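Everything on this sheet refers to the single structure shown next.
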Amino acid sequence: QLIPQIWTNWRTKKTEGLPGIMMFLWSICGVPFGVYNVAQNFNIPLQVQPQCFMTFCLISWAQTLRYHNKWPVWKTVIVTAAVACTFAGVEAALILTLRPLYLRGNDVGILVVGIVAAVLLAAGLLPPYGELWKRRGRVIGINWIFLSMDFFGALFSLMAIVAQHTFDILGGLMYMICCLLEMGIFLSHIIWLARTRKIRKAAAADGKTFDDLLAQYEADGTPFRFAERKKTKRKIREGDSASDGGNDVKEGQQLPPSPIGVTSMIGQDVRQYEK
Numbered sequence: 001q002l003i004p005q006i007w008t009n010w011r012t013k014k015t016e017g018l019p020g021i022m023m024f025l026w027s028i029c030g031v032p033f034g035v036y037n038v039a040q041n042f043n044i045p046l047q048v049q050p051q052c053f054m055t056f057c058l059i060s061w062a063q064t065l066r067y068h069n070k071w072p073v074w075k076t077v078i079v080t081a082a083v084a085c086t087f088a089g090v091e092a093a094l095i096l097t098l099r100p101l102y103l104r105g106n107d108v109g110i111l112v113v114g115i116v117a118a119v120l121l122a123a124g125l126l127p128p129y130g131e132l133w134k135r136r137g138r139v140i141g142i143n144w145i146f147l148s149m150d151f152f153g154a155l156f157s158l159m160a161i162v163a164q165h166t167f168d169i170l171g172g173l174m175y176m177i178c179c180l181l182e183m184g185i186f187l188s189h190i191i192w193l194a195r196t197r198k199i200r201k202a203a204a205a206d207g208k209t210f211d212d213l214l215a216q217y218e219a220d221g222t223p224f225r226f227a228e229r230k231k232t233k234r235k236i237r238e239g240d241s242a243s244d245g246g247n248d249v250k251e252g253q254q255l256p257p258s259p260i261g262v263t264s265m266i267g268q269d270v271r272q273y274e275k
């Protein structure tokens with residue numbers, strides 16, 4: 001299901017709106033997820049799915065390193081390959097350790113890795129909500145085909161677990177968490193579309209997109225209710241020298257009185273930035 005997202009990242013050469021930490025947490029999730037399914041000898045699709053999921057998550061994470069963090073190709077490949085080998089080794093070691101214990105009736109280890117997998121899966125879906133808050137509910141950077149396939153994949157996996165002789169609580173919990181959080185992402189963007197429908201319609205009448213309108217407001221410094229939220233910067237860079245009329249102020253020299261005042265000028269700049 002991640003192939004459409006990987007394709008979009010490669011085609012646009014950017015991953016803005018797709019948190020790299022999301023992909024990394026999901027790739028880690030593949031380790032306990034795979035151990036949980038393989039050690040209990042689930043049906044083959046459920047054993048293969050975590051391995052594919054982890055692989056494609058690592059590829060997408062590598063793209064965020066390349067396109068967003070601007071890492072060189074060689075560094076991205078080496079780091080991703082090292083992480084993949086580490087994950088594979090850890091998963092194999094855990095399966096060889098926990099499966100004999102599980103067959104002897106000791107399911108504590110399996111229960112622990114199942115809980116870890118559920119926590120990592122849920123944690124991986126939380127960073128996109130930070131992006132939603134930043135853009136006031138708008139979703140960018142996430143491929144809708146990927147999100148839809150992931151949602152229905154989780155739903156069908158949940159149905160597969162239900163179809164088994166016994167219902168696996170932790171496995172079902174993982175898929176239910178995934179479904180609920182991804183539904184929240186869908187709903188957030190739908191609400192954003194409803195709130196901005198008039199603005200987008202007016203912009204389209206002028207031959208502009210919403211992003212064009214957003215850039216225009218930002219360039220003009222005009223407040224816009226749907227502008228991206230940004231952190232305010234109140235700290236003045238150290239080492240900046242004060243000047244009056246283009247002349248540097250020497251050490252120990254007092255500044256001449258100003259009708260406006262440096263303090264009020266800084267305050268106005270901060271208030272304007274916060275708007």
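Be aware that the sequence shown starts at 1, since it is given in the UniProt record's numbering, and climbs by one per residue. Glycine residues also receive a C-beta, built at the ideal position from the N, C-alpha and C atoms. Predicted model, so just to flag it, every value in this text is computed and none were measured.
Residue from the options whose Cα sits closest to the Cα of residue i
| i | options | result |
| --- | --- | --- |
| F226 | R135, Y67, I21 and Q49 | R135 |
| N41 | L121, Y129 and I110 | I110 |
| S27 | C52, R197 and Y102 | C52 |
| L94 | P223, K208, T64 and V112 | V112 |
| H189 | E91, V83, V48 and G137 | G137 |
| L158 | W144, M174 and S148 | M174 |
| L18 | L46, Q47, F156 and C57 | C57 |
| residue 343 | I199, L46, P45 and F210 | Residue 343 lies beyond the range of the chain shown here (1 to 275); nothing can be said about it. |
| F156 | I169, M176, I145 and F146 | M176 |
| M54 | T76, A82 and F87 | F87 |
| D150 | A163, L98, L121 and G130 | L121 |
| M14 | G184, E91, W71 and V83 | Checking the sequence, you will find Lys at residue 14 rather than Met. Nearest C-alpha to K14: W71. |
| L125 | D107, M183, L96 and T80 | M183 |
| L181 | D220, A219, E16 and Y129 | Y129 |
| F24 | N43, V48, T80 and Q1 | T80 |
Rounded C-alpha distance that separates residue i from residue j
| i | j | result |
| --- | --- | --- |
| I191 | P32 | 35 Å |
| G30 | A154 | 14 Å |
| K201 | A117 | 44 Å |
| P127 | W133 | 10 Å |
| V73 | S60 | 14 Å |
| A205 | G114 | 53 Å |
| G172 | V35 | 16 Å |
| A203 | L214 | 10 Å |
| N9 | L65 | 11 Å |
| residue 339 | R229 | What is shown of the chain runs 1 to 275, which leaves residue 339 out entirely. |
| I78 | R195 | 44 Å |
| G20 | T222 | 31 Å |
| L46 | A39 | 11 Å |
| C179 | W144 | 14 Å |
| L98 | G89 | 14 Å |
| V83 | L187 | 34 Å |
| R11 | Y67 | 11 Å |
| F146 | V108 | 34 Å |
Residue burial classification, residue i (beta-carbon count within 10 angstroms, cutoff 16)
| i | result |
| --- | --- |
| C85 | exposed |
| N69 | exposed |
| G267 | Because G267 sits at a pLDDT of 39, beneath the cut-off of 50, its placement in the model cannot be relied upon, and the following sentence gives the value as read from the coordinates. Counting Cβ neighbours within 10 Å, G267 comes out exposed, since fewer than 16 surround it. |
| I161 | buried |
| A62 | buried |
| I142 | buried |
| N37 | buried |
| L193 | exposed |
| T76 | buried |
| I169 | exposed |
- Task: Determine contact between the stretch 97 to 107 and the stretch 1 to 11, defined as no fewer than three beta-carbon pairs at a distance below 8 Å.
- Result: no
- Task: Kindly provide the ranges of any beta strand (DSSP E) runs that are 3 or more residues long and lie completely inside the stretch 74 to 98, ordered along the chain.
- Result: none
- Report the residue ranges of all beta strand (DSSP E) runs contained in full by the stretch 99 to 146; include only those spanning at least 3 residues, in chain order. none
- Run through the stretch 170 to 232 for me and flag every whole alpha helix (DSSP H) of 4 or more residues, listed as ranges in chain order. 197 to 205 and 210 to 220
- Query: Whole alpha helix (DSSP H) runs in the stretch 6 to 42 with 4 or more residues, listed along the chain?
  - Reply: 20 to 39
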